[in-house]
């Protein structure tokens, strides 16, 4: 068997574990910022196992397959990224998972689920172009759209793509569904749509959706790591600092409307990317 394929499969397993740990750390830090003790670090894994043991109360035949495809797309994107596939292909595979999450939500008759699904579509419309533009920047600055081509660049790409990195950080905030962009779903009690796009998912289906979210988070952080991969620990510190900033912003911000989200992403985000491309010459 191809050694790189084995490494890619191992990376998917590692990403699952890392995604759960990031989720647990997120909850812990958020609780500390709010003067609470918070749950154990491994609580997301306990929750996932509990959900997997429960039978889903699916109201139609769409929810289960949509949840499965969403998780499979996230795992495939991680595997393709590590295997060295074309980055644009990897981004499109990752986007498939987000689309199927919405399809499942819109298939339910619940008004909360449908409104959450519609808002999630708007979040995809706001974040995916920024991710795509960031990958285009990595490919242009790295002389290729494979991970190997980007890793071959001696100087960290953050120095040549600082504005693109900021735009990708904005996309990460939207993808994480954190304030001020938690319009479609939220873990917080102030969400007026129950859990929005997640409302009709339950049991093992909801476990797959949570797993997909973990994988998506790791995938986006891996893209950020590519901006400073050498030495590897510098990229880790960079992504850790960005994620810590995301948690701080989440705890000090009120939720904005979808119009503000789209306007900010399409004006500021795309302007940052275009400005950085002009800097590259």
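In the working numbering, the protein residues as written are -12 to 268.
In this text, a Cβ means the ideal position worked out from N, Cα and C, and glycines have one as well.
Taking the alpha-carbon of residue i as reference, which of the options has the nearest alpha-carbon?
i	options	result
residue 238	168, 261, 200 and 208	168
residue 144	10, 250, 264 and 103	264
residue 150	124, 226, 129 and -6	124
residue -1	205, 108 and -10	205
residue 258	81, 87 and 154	154
residue 2	62, 44, 34 and 29	62
residue 248	212, 189, 198 and 157	157
residue 100	118, 187 and 36	187
residue -4	136, 68, 137 and 118	68
residue 148	162, 212 and 196	212
residue 236	5, 30, 13 and 111	13
residue 131	202, 163, 54 and 71	71
residue 200	229, 217 and 4	4
residue 162	66, 113, 98 and 189	113
residue 41	193, 102, 217 and 229	193
Can you tell me the Cβ-Cβ gap for residue i and residue j, rounded? I've got them flagged as a contact below 8 Å.
i	j	result
residue 166	residue 241	7 Å
residue 170	residue 245	5 Å
residue 25	residue 19	6 Å
residue 209	residue 215	About 12 Å; that fails the 8 Å criterion.
residue 64	residue 89	Incorrect: roughly 17 Å between the Cβ atoms, too far for contact.
residue 35	residue 197	6 Å
Alpha carbon to alpha carbon, how far is residue i from residue j?
i	j	result
residue 38	residue 32	10 Å
residue 142	residue 120	20 Å
residue 105	residue 207	23 Å
residue 27	residue 7	12 Å
residue 318	residue 74	A query on residue 318 cannot be resolved here, the shown segment of the chain reaching from -12 to 268 and no further.
residue 92	residue 139	42 Å
residue 136	residue 21	43 Å
residue -11	residue 66	13 Å
Is residue i near the ligand SAH - that is, is its Cβ less than 7 Å away from at least one heavy atom of it?
i	result
residue 130	Although the ligand SAH was asked about, the structure shown includes no ligands whatsoever.
Would you say residue i faces chain D, with C-beta separation under 8 Å as the test?
i	result
residue 20	This model lacks chain D altogether; it includes just one protein chain.
Quick one: which unbroken alpha helix (DSSP H) runs of 4-plus residues sit fully inside the segment 109 to 162? Chain order, please.
-> Runs of the alpha helix (DSSP H) lying entirely within the segment 109 to 162, each at least 4 residues long, are 134 to 138 and 149 to 162 in chain order.
Can you list the alpha helix (DSSP H) stretches of 4 or more residues lying completely in the segment 46 to 85, in chain order?
-> Those alpha helix (DSSP H) runs which fall completely within the segment 46 to 85 and span 4+ residues are 50 to 70.
What are the complete alpha helix (DSSP H) segments, minimum 4 residues, inside the segment 212 to 244?
-> When DSSP assignments are scanned along the segment 212 to 244, the uninterrupted stretches of alpha helix (DSSP H) that are 4 or more residues long and fall wholly within it turn out to be 219 to 239.
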